[in-house]
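Engineer:
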Amino acid sequence: MDTQIVYAKTKNFDQPPRKVRLVVDLVRGKKVDEALLILEHLNKKASNIISKVIRNAAASAVNNYGMSRDKLYICDARVDEGMKRVKPFYRARGTLNFKTKRMSHITIGVCEMGVSPISQTPKVEDKSFGANNIHKYKRKVKDGA
Numbered sequence: 180m181d182t183q184i185v186y187a188k189t190k191n192f193d194q195p196p197r198k199v200r201l202v203v204d205l206v207r208g209k210k211v212d213e214a215l216l217i218l219e220h221l222n223k224k225a226s227n228i229i230s231k232v233i234r235n236a237a238a239s240a241v242n243n244y245g246m247s248r249d250k251l252y253i254c255d256a257r258v259d260e261g262m263k264r265v266k267p268f269y270r271a272r273g274t275l276n277f278k279t280k281r282m283s284h285i286t287i288g289v290c291e292m293g294v295s296p297i298s299q300t301p302k303v304e305d306k307s308f309g310a311n312n313i314h315k316y317k318r319k320v321k322d323g324a
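In this note's numbering, the protein residues as written are 180 to 324.
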């Protein structure tokens with residue numbers, strides 16, 4: 180059974196990614212209603228915009244893909260670095276420095292409970308160099324060479 184992930188994004192949110200990630204880490208993996216309740220009582224600037232993005236993703240999943248809102252949970256939440264705005268900062272004796280204002284891109288993905296998209300990833304072969312697997316990686320030397 181294939182799981183559909185529905186994404187919603189906001190770009191160039193005027194707060195650095197380091198601060199936004201603190202809020203996103205609280206709601207990653209939670210049900211949508213539970214995440215919105217957490218964000219409603221959180222005293223952070225980023226909580227308002229993240230709740231809007233979650234509502235947008237949930238509404239898109241219900242209206243466009245016919246998913247049930249009760250079963251939706253946040254299966255993917257990313258905060259990436261956006262543009263940087265450089266502002267002049269005037270100093271003494273006519274010197275000039277610059278302040279960098281960082282922005283962030285917020286991406287939230289919701290999917291239905293049931294089959295996890297993470298469980299469908301192929302398993303990677305164990306490549307440990309322990310005593311059991313060392314014979315696979317030894318160099319083969321020809322006799323008389």
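Cβ atoms here follow ideal geometry from the backbone N, Cα and C, with glycine treated the same way.
#1: Apart from the five residues just before and just after Lys-224, which ones in its own chain have a Cβ nearer than 7 Å to its Cβ?
#2: Jot down the residue ranges of each uninterrupted beta strand (DSSP E) in the region 237-280, minimum 3 residues, whole runs only, in chain order.
#3: Exposed or buried, which one is Gln-299 when buried takes at least 16 other CB atoms within 10 Å?
#4: Going by DSSP, what residue range makes up the alpha helix (DSSP H) through Lys-198?
#5: I'd like to know whether the C-beta atoms of Val-177 and Leu-221 end up nearer to each other than 8 Å.
#6: Terminal residues of the continuous alpha helix (DSSP H) containing Asp-212?
#7: Any contact of the region 182-194 with the region 274-288, i.e. 3+ C-beta pairs under 8 Å?
Structural biologist: This is what the structure holds:
#1: So the qualifying residues of the chain are Gln-194.
#2: 251-269
#3: Because Gln-299 sits at a pLDDT of 48, beneath the cut-off of 50, its placement in the model cannot be relied upon, and the point is left open.
#4: 196-206
#5: Here the chain has residues from 180 to 324 only, and residue 177 is not among them.
#6: 211-219
#7: yes
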